[in-house]
Every structure is written in C-alpha cells, then in structure tokens.
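J.:
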Amino acid sequence: MLSTRDLDREAAVRILDVAEEMSRTADRSVRKLPTLRGKTVVNLFFEDSTRTRLSFESAAKRLSADVITFSAKGSSVSKGESLKDTAQTLAAMGADAIVVRHGVSGAAHLLAHAGWIDATILNAGDGTHEHPTQALLDAYTMRARRFGEDARGRDLAGFTIVIVGDIVHSRVARSNVWLLTTLGARVHLVAPRTLLPSGMGTWPVTVHESLDAALALEPDAVMMLRIQSERMRDAYFPSEREYAREWGLTAERAARLAPDTMVMHPGPMNRGLEISSVAADSSASTVLEQVTNGVFVRMAVLYLLVASEAQEES
Amino acid sequence: MVARPVLNGPDITRALRRIAHEVLESRRGEGQLVFLGIPTRGVALAARLQAIVEEIEPGTSSHGALDITLYRDDLARTPTRTPAPTRIPAAGIDDAIVVLVDDVLYSGRTIRAALDALADHGRPRAVRLAVLIDRGHRELPIRADFVGKNLPSSASERVSVHLDEFDGLDEVVIEA
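Protein sequence lines correspond, in order, to chains F and W.
For reference, each letter of the first sequence is one residue, going 9 to 322 in my numbering.
For reference, each letter of the second sequence is one residue, going 209 to 384 in my numbering.
Next up, the structure:
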C-alpha cells in the first residue's frame with residue numbers, strides 16, 4: 009500500500025467495506041480480534057507524528073499483532089544509519105509488515121521495491137507525495153456520514169468535495185485527489201497560487217482561487233488542510249491573518265455552509281488559521297470521527313495485506 | 209461431474225420445521241433463543257428457523273449473522289477474504305441460548321472459529337449447533353445438536369446447498 013493511485017474502484021470499496029466490519033468490533037464486549045496473531049508489525053517513523061503512529065499501533069494491536077515502534081529520534085538513524093540498514097535490521101527481527109513515515113517523497117516506494125526486504129510496506133506518509141490511509145479514512149468518513157448503515161458496497165459517485173489550503177506540501181491532498189476521483193467524486197482544489205504545485209495539469213480536478221466561489225458549489229464535504237509551516241522556508245502568503253481571511257474556514261463561512269456539508273480536517277489543526285474553532289467544533293465537523301475511523305481503516309488495510317501469505321494482490 | 213440431488217425444496221422445509229421443534233423442546237420453556245447464521249447460507253437458514261420458531265412460540269427468539277472470517281485458522285494459507293457483515297440482535301447474547309446455524313458441517317473448523325468469535329460478543333447461557341447437512345470428516349471434537357440430514361460422503365465429493373434467497377431454488381446436491 010504505497011499510493012492511492014494504484015487502487016481501482018473495486019479494491020478501494022473493498023477496503024472501506026472491510027473497515028466497516030472492523031468498526032463493528034468497537035461496540036463489542038471484547039474489541040480485539042485474533043486475526044494477526046503471531047505477526048509482527050513495525051512502525052518506522054522518521055518524521056514526527058502522533059495520530060498516525062498511534063492509529064497504526066492501535067489498529068495492529070486490535071488485530072493481535074505484535075507491534076514494534078521505532079522513531080528516528082533517539083535511534084541509530086541520528087547516528088547516520090541509512091534507510092537500507094535500518095530496514096534490513098527490522099527485517100532481521102522478523103517484521104511481517106513495515107509502516108513507514110519518511111520526510112522524503114518516494115521513501116516507501118524505495119523500501120518496497122529495492123529488494124532489501126520481503127515485508128509488506130505500508131506508506132504512512134512520504135514527504136509531499138502520498139498518505140494513502142489518510143485518504144481512505146477520509147473517504148470512509150464521508151461514506152459513513154452520508155449513508156450510515158447502508159454504506160456497504162457504495163462509492164462516492166456524485167459527491168462534490170472541496171479541498172482547501174496548502175496543496176503543494178500536502179500528501180493528504182494528493183492521495184485524496186486520486187482516491188476520491190476513483191470513487192466517483194468530483195474534486196475541487198482551492199489555494200493561493202503559491203500553495204498550488206506545478207505540474208497539476210494532469211490532475212483530475214478543478215482549481216479555484218476563491219474559497220467563496222468553491223463553497224458556492226454546495227459541496228458534500230470541505231476538507232481544510234493544515235498549513236505546514238515546518239515545510240515552508242519562504243513566505244507563501246503575506247500574513248496569517250490575510251490567509252485566514254481569504255482561505256480559512258471562518259465562523260462566518262462555516263455558518264453559510266449547507267447543513268449537511270461535512271467539515272473535515274486531517275489534523276493537527278491550526279485553529280484560527282485554516283479553520284476557526286467554531287467550524288472545528290461544530291456538528292458538521294468530522295475531525296474526531298476521522299480519528300476513530302482511521303483505526304478501522306488501518307485495521308482493514310493491515311488485515312488485507314498482512315493476514316495471508318498466499319497473496320493474490322499487492 | 210454428476211450432480212445427484214439429496215434434498216429437494218419440501219425436504220429442506222420439513223427438516224427445518226423438525227429442527228425448530230427440537231430447538232424449542234431443548235429450550236424447556238426458558239431463555240431467549242438467538243439464531244446466528246454463519247455467512248453465507250447459514251444466515252438465510254437462521255432467519256428461516258427463527259421464523260418457524262416465532263410462529264410456534266412468539267416472542268422467544270431473534271436472529272442475526274456471525275461472520276468468522278477474521279477468526280479462521282487458515283488465514284495465512286488462503287487468499288484474503290472480505291468479511292461478511294456480522295449482525296448481533298440489539299439485546300445481545302448475554303445469558304441467551306445461541307443456536308449457531310450453518311449449511312454444511314464438515315471439518316468443524318468453521319464452528320471452532322464461530323465459538324471464538326461468539327466469546328468476543330458476550331457470554332451466552334448455552335451454545336447449540338444446528339446444520340442442514342452433516343457430511344462427516346470432522347477434524348476437531350465438535351458435533352451438531354440438530355441435524356437436517358446426515359450425509360456420509362467421501363472427501364472428494366462436493367456437497368452444495370442451494371437456497372432460494374441466493375440461488376433461486378432450494379436443493380442440496382452432491383457432486384462426485
């Protein structure tokens with residue numbers, strides 16, 4: 009699982025359906041499943057992350073896998089060990105799957121295809137490239153909110169989704185563009201020109217510069233992206249106040265949304281910058297559902313990729 | 209490949225009616241009955257059994273589905289399957305008499321997995337097993353409490369249960 013670009017509609021809907029069954033374990037008396045007993049899942053995080061790491065850890069544990077978490081800080085990586093040596097060390101410890109988060113785009117792809125290790129590789133975010141499980145949990149959240157009990161087997165055909173903000177640095181946006189389009193939704197991107205990547209000509213999206221114009225489309229969901237200050241070495245917009253005014257989901261904009269428009273954010277949120285507290289805490293907000301659903305989606309992906317050694321798909 | 213019919217539609221209905229009576233008899237007037245079918249065809253059989261029981265003694269039973277995919281002991285050896293929905297009646301299974309329902313009892317491994325799955329949903333007062341066909345060849349110490357038909361078969365034969373809900377007609381056939 010490296011990129012949502014590799015998923016066809018059938019595979020994507022299957023992951024969402026499995027995730028739905030996983031979600032039903034949450035209200036049982038015992039929440040754990042024995043499915044991955046005896047398997048080892050390694051979380052290999054070269055970049056800071058709280059929710060993705062905890063989400064993967066929690067998902068693997070609910071499936072009874074053994075979990076080893078490895079953060080680059082305080083490890084031999086800070087002594088200059090290469091990705092290859094680190095990966096081979098983990099493989100030697102018997103990892104069945106490696107969940108990798110890395111600051112360099114393509115790191116997960118390199119691990120999966122360089123022939124260093126046999127373990128299944130799951131991309132948990134590589135640079136500004138992709139973050140497939142985040143897109144899957146976003147799609148799952150939209151489907152579950154809209155269809156409830158009747159979600160199984162459905163895609164997102166006919167949905168209009170507006171993604172707003174720091175597109176250029178956002179792997180979440182990239183993964184979502186591919187996945188949501190595959191699922192039949194129409195994706196609109198809104199950002200100041202400086203935060204749009206070059207080479208978007210081939211993306212199946214409509215680009216707007218004005219957030220108000222995009223919101224006038226009455227979208228099914230508005231996804232606010234985090235302004236990734238840590239990746240910004242230059243000034244991409246004049247001031248935070250101006251960004252919030254032009255491209256932020258202010259209380260005033262949130263009030264104008266249709267009542268069933270979902271307000272999404274992958275977290276962590278910069279309250280007052282890309283999203284106001286009023287919008288983030290409203291009943292339209294799916295922020296906490298996204299966190300809950302993230303565990304189910306990651307359980308589904310781990311099950312589908314790790315459970316069987318007689319693999320029929322990659 | 210010759211398909212030999214073993215049970216026709218009326219045979220299946222009669223077998224289910226008999227099982228429903230036997231289940232009620234073994235209940236001895238106490239406890240809620242929860243019929244849990246094992247996907248795919250067990251779910252339809254559980255619904256039919258429960259409907260018959262409800263006709264005879266209304267208000268004593270409910271039905272649902274218990275998927276066992278995530279509890280199988282051969283997950284590593286077979287291609288990944290998509291789990292079917294599990295539906296436990298809202299009242300839960302604590303202190304109820306759960307009747308697991310499946311179409312064919314063979315190695316017993318499915319039932320082993322179902323017992324594990326059940327334990328994660330609660331603690332029933334008792335668990336019973338009802339199957340339409342018992343074809344033998346058990347690999348585990350498991351037996352059915354209620355059997356539609358015992359069908360001694362060779363391991364190379366294939367027993368197929370077709371039900372109206374999925375296949376458009378009711379029949380059981382054995383193929384060499």
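Glycine residues also receive a C-beta, built at the ideal position from the N, C-alpha and C atoms.
All values derive from a computational prediction rather than experimental measurement.
Please look up how many angstroms separate the CB atoms of W:R333 and W:A304, rounded, as I've assumed it's under 8 Å.
T.: 6 Å between Cβ atoms; contact.
J.: Can you pull the chain W residues whose beta carbon is under 8 Å from the beta carbon of F:L41, in chain order?
T.: Here the neighbours are L278, Y279, D328.
J.: State yes or no: is the beta carbon of W:P247 nearer than 8 Å to at least one beta carbon in chain F?
T.: No - not a single Cβ of chain F is within 8 Å of the one on W:P247.
J.: Just tell me which of W:E347, W:I319, W:P247, W:S362 has its CA closest to the CA of W:L371.
T.: Per the Cα distances, W:P247.
J.: Compute the Euclidean distance between the alpha carbons of F:F155 and F:D93, then round it to the nearest angstrom.
T.: Computed Cα separation, rounded: 46 Å.
J.: Mind checking whether F:G299 and F:M272 have CB atoms under 8 Å apart?
T.: Per the sequence presented here, residue 299 of chain F reads as Val, with Gly not at that position. Cβ distance not < 8 Å, so F:V299 and F:M272 don't count as in contact.
J.: Who are W:H172's beta bridge partners in DSSP?
T.: Any answer about residue 172 of chain W is impossible in this case: the structure gives chain W only from 209 up to 384.
J.: Hey, quick one: how far does the alpha helix (DSSP H) through W:I179 stretch, first residue to last?
T.: Limits of chain W in this structure are 209 at one end and 384 at the other, which puts residue 179 of chain W out of reach.
J.: Any Cβ of chain F within less than 8 Å of the Cβ of W:A284?
T.: Yes, because at least one Cβ of chain F sits closer than 8 Å to the Cβ of W:A284.
J.: Below 8 Å between beta carbons: does that hold for W:G267 and W:A254?
T.: No. Outside cutoff.
J.: CA-CA distance, F:G123 and F:I129?
T.: Cα to Cα, the separation comes out at about 12 Å.
J.: Which word fits W:N358, buried or exposed, when buried means at least 16 other C-beta atoms lie within 10 angstroms of its C-beta?
T.: Label assigned to W:N358: exposed.
J.: Does the structure place the segment 205–222 of chain F close enough to the segment 182–192 of chain F that three or more beta carbon pairs sit under 8 Å?
T.: Taking 8 Å as the limit for Cβ pairs, the verdict is that the segment 205–222 of chain F does touch the segment 182–192 of chain F.
J.: I need the DSSP call for W:P213, collapsed to helix, strand or coil.
T.: Three-state result, W:P213: strand.
J.: Under the three-state reduction of DSSP, which class applies to F:I23: helix, strand or coil?
T.: Residue state, collapsed to three classes: helix.
J.: Classify W:D281: buried if its beta carbon has 16 or more other beta carbons within 10 angstroms, exposed otherwise.
T.: Burial call: exposed.
J.: Count the other C-beta atoms from every protein chain shown that fall within 10 angstroms of the C-beta of W:E383, then say buried if there are 16 or more, exposed otherwise.
T.: Exposed: under 16 other Cβ atoms inside 10 Å.
J.: Less than 6 Å between C-beta atoms, sequence neighbours within five positions excluded: which residues of the same chain meet that for F:A115?
T.: Cβ within range, chain order: D134.
J.: Go through its chain and collect everything with a Cβ distance to W:V339's Cβ below 8 Å, but skip five positions before and after it.
T.: Taken in chain order, the residues that qualify are V309, D310, D311, V312, L313, A352, F354, V355, G356.
J.: Could you work out which residues of chain F lie near W:T290, taking near to mean beta carbons separated by less than 7 Å?
T.: Those are R22, D25, V26, listed as they occur along chain F.
J.: Please report the straight-line C-alpha distance between F:M30 and W:L337, rounded to a whole angstrom.
T.: Those two C-alpha atoms are separated by around 26 Å.
J.: Please say whether F:I106 and F:L62 have beta carbons closer to each other than 8 Å?
T.: It is not a contact, given that the beta carbons lie outside the stated cut-off.
J.: Can you pull the chain W neighbours of F:R342, defined as C-beta to C-beta under 7 Å?
T.: What the structure shows of chain F is the stretch from 9 to 322, and residue 342 of chain F is not part of that stretch, so it cannot be assessed.
J.: Along the segment 155–182 of chain F, where does the CB come closer than 9 Å to a CB of chain W? Name the residues.
T.: Flagged, chain order: R160.
J.: Looking only at DSSP bridge pairs, what is F:F78 linked to?
T.: Partner(s): F:L52.
J.: With 8 Å set as the bound, which would you pick, yes or no: does the beta-carbon of F:R151 sit closer than that to a beta-carbon of chain W?
T.: Chain W, which has no Cβ nearer than 8 Å to the Cβ of F:R151, makes this no.
J.: Are the C-beta of F:S66 and some C-beta of chain W separated by less than 8 Å?
T.: No, F:S66 lies away from the interface with chain W (no Cβ there is under 8 Å from its Cβ).
J.: What residues from chain W crowd round F:E29, counting only those whose CB sits closer than 9 Å?
T.: Those are D275, T277, L278, T290, P291, A292, P293, T294, listed as they occur along chain W.
J.: Does any residue of chain W bring its CB to less than 8 Å from the CB of F:R70?
T.: By this cut-off, F:R70 is not an interface position.
J.: Is there contact between the segment 216–227 of chain F and the segment 236–252 of chain F, where contact requires at least three CB pairs shorter than 8 Å?
T.: Touching, no.
J.: Is there at least one Cβ from chain F nearer than 8 Å to W:D342's Cβ?
T.: So no, W:D342 is outside the interface.
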